[in-house]
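J.: Let me give you the structure first, and then I'll get to my questions.
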Amino acid sequence: MSTLLALDTATEACSVALLHDGKVTSHYEVIPRLHAQKLLPMIKELLAQAGVELSAVEAIAFGRGPGAFTGVRIAIGVVQGLAFALERPVLPISNLAVLAQRAYREHGATQVVSAIDARMDEVYWGCYREQAGEMRLDGVEAVLAPEVAGLPDGAVGDWFGAGTGWGYAERLNVKPYAMDAGMLPHAEDLLTLARFAWARGEAIRADDAQPVYLRDKVAATKAERNA
1 MSTLLALDTA TEACSVALLH DGKVTSHYEV IPRLHAQKLL PMIKELLAQA GVELSAVEAI
61 AFGRGPGAFT GVRIAIGVVQ GLAFALERPV LPISNLAVLA QRAYREHGAT QVVSAIDARM
121 DEVYWGCYRE QAGEMRLDGV EAVLAPEVAG LPDGAVGDWF GAGTGWGYAE RLNVKPYAMD
181 AGMLPHAEDL LTLARFAWAR GEAIRADDAQ PVYLRDKVAA TKAERNA
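Going by the UniProt record's numbering, 126 is the number at position 126 of the sequence shown; the sequence numbering is gapless.
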């Protein structure tokens, strides 16, 4: 049995999860702006609760975005620090996929449109279908205005809406059969996706871990700020 650690700080939620001896333990808190202070103590507490040494972890999964710029950077910084020290690989997981996996776990939704409020009057958007217990991307992930967001070509059936982007529901052309606009990514579901990725051999070296913001530009250049 593999021992995998998962963590996520890409949104207001901060969460960690551990798989060891086939058992999953997790900790989840909604703590905006406190991720940097809380994440490492949460990991330490989780490992102690499970009676597992950090050295037993075989790979570390993390939410690679899209999400808040600072939150995603915190996750990558912590993951790379731990993975370098342990000489372990990492598993980058989409936060939109994590939302879809949570909707499947909590609501039994097998077709999910994940949407995260991207600020700047846009949403991070991705559509997912369940395959053998795993929510898989159908189409592409994108950042776009609510009015132009849509389902993938050939989409049929009913869809569930998950995530803070559904706060724009009145402006979205997609009308789900149900939604949870307060749903945030949870490391327990990130861990589920990581187990599939680990089994497929998708782990990468820690220094290859990169954030995925979907936006080409996440901050103005100095020249642009001074313009």
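Ideal Cβ positions, reconstructed from N, Cα and C, are used throughout, including at glycine.
1. For residue 25 versus residue 50, is the C-beta spacing smaller than 8 Å?
2. At 3 residues or longer, what runs of the beta strand (DSSP E) sit wholly inside the region 22-72?
3. Along the beta strand (DSSP E) that carries residue 91, what are the first and last residues, could you check?
4. Which residue from 38, 106, 167 puts its Cα closest to that of residue 15?
5. Got a sec? Which residues, its chain only, sit under 6 Å from residue 247 by beta carbon, not counting five neighbours each side?
6. In chain order, what residues of the same chain lie with their CB nearer than 7 Å to the CB of residue 238, ignoring the 5 residues before and after it?
7. What's the call for residue 34, buried or exposed, on a 16-neighbour Cβ count within 10 Å?
8. In or out: residue 227 buried (at least 16 other Cβ within 10 Å) or exposed?
9. Residues in the same chain with beta-carbon distance under 6 Å from residue 222, minus the five sequence neighbours each way, listed in chain order, please.
10. How many angstroms separate the CA atom of residue 93 from the CA atom of residue 118?
11. Identify whether residue 137 lies in helix, strand or coil by the three-state DSSP scheme.
12. Expressed to the nearest angstrom, what Euclidean distance is found between the alpha-carbon atoms of residue 273 and residue 177?
13. Rounded to the nearest angstrom, how far is the Cβ of residue 211 from that of residue 76, given a contact under 8 Å?
14. Please classify residue 1: is it buried, with 16 or more other beta-carbons within 10 angstroms of its beta-carbon, or exposed?
15. What's the C-alpha gap between residue 80 and residue 32?
16. Over the uninterrupted alpha helix (DSSP H) stretch that includes residue 189, give me the two end residues.
17. In the DSSP assignment, find the unbroken beta strand (DSSP E) run with residue 7 in it and report its ends.
T.: The short version:
1. It is a contact, given that the beta carbons lie within the stated cut-off.
2. Annotation note: the region 22-72 contains the following uninterrupted beta strand (DSSP E) runs of length 3 or greater, listed N- to C-terminal: 23-30, 59-63.
3. First-last of the beta strand (DSSP E) with residue 91: 90-93.
4. With respect to the C-alpha of residue 15, the residue from 38, 106, 167 having the closest C-alpha is 38.
5. Since the first and last residues shown for the chain are 1 and 227, residue 247 lies out of range.
6. With the chain covering only 1 through 227, there is no way to say anything about residue 238.
7. The Cβ neighbour count for residue 34, taken over all protein chains shown within 10 Å, is under 16; the residue is labelled exposed.
8. For residue 227, the predicted model reports a pLDDT of 34, less than 50, meaning its position is unreliable and no value from the coordinates is stated.
9. Its pLDDT being 37, under 50, residue 222 is placed unreliably in this model, and the value from its coordinates should be taken loosely. For residue 222, same chain residues with a beta-carbon under 6 Å away, outside a window of 5 residues either side, do not exist.
10. Taking the straight line joining both Cα atoms gives about 18 Å.
11. Three-state DSSP puts residue 137 in a strand.
12. No statement about residue 273 is possible, as the shown extent of the chain runs from 1 to 227 and does not include it.
13. Contact between residue 211 and residue 76 is confirmed by a C-beta separation of about 6 Å, below the 8 Å threshold.
14. Using a 10 angstroms sphere on the CB of residue 1, the tally of other CB atoms stays under 16, which defines it as exposed.
15. Rounded to whole angstroms, residue 80 to residue 32 spans 22 Å at the Cα level.
16. Note, residue 189: alpha helix (DSSP H), 187-199.
17. Where residue 7 is concerned, the enclosing beta strand (DSSP E) stretches over 4-8.
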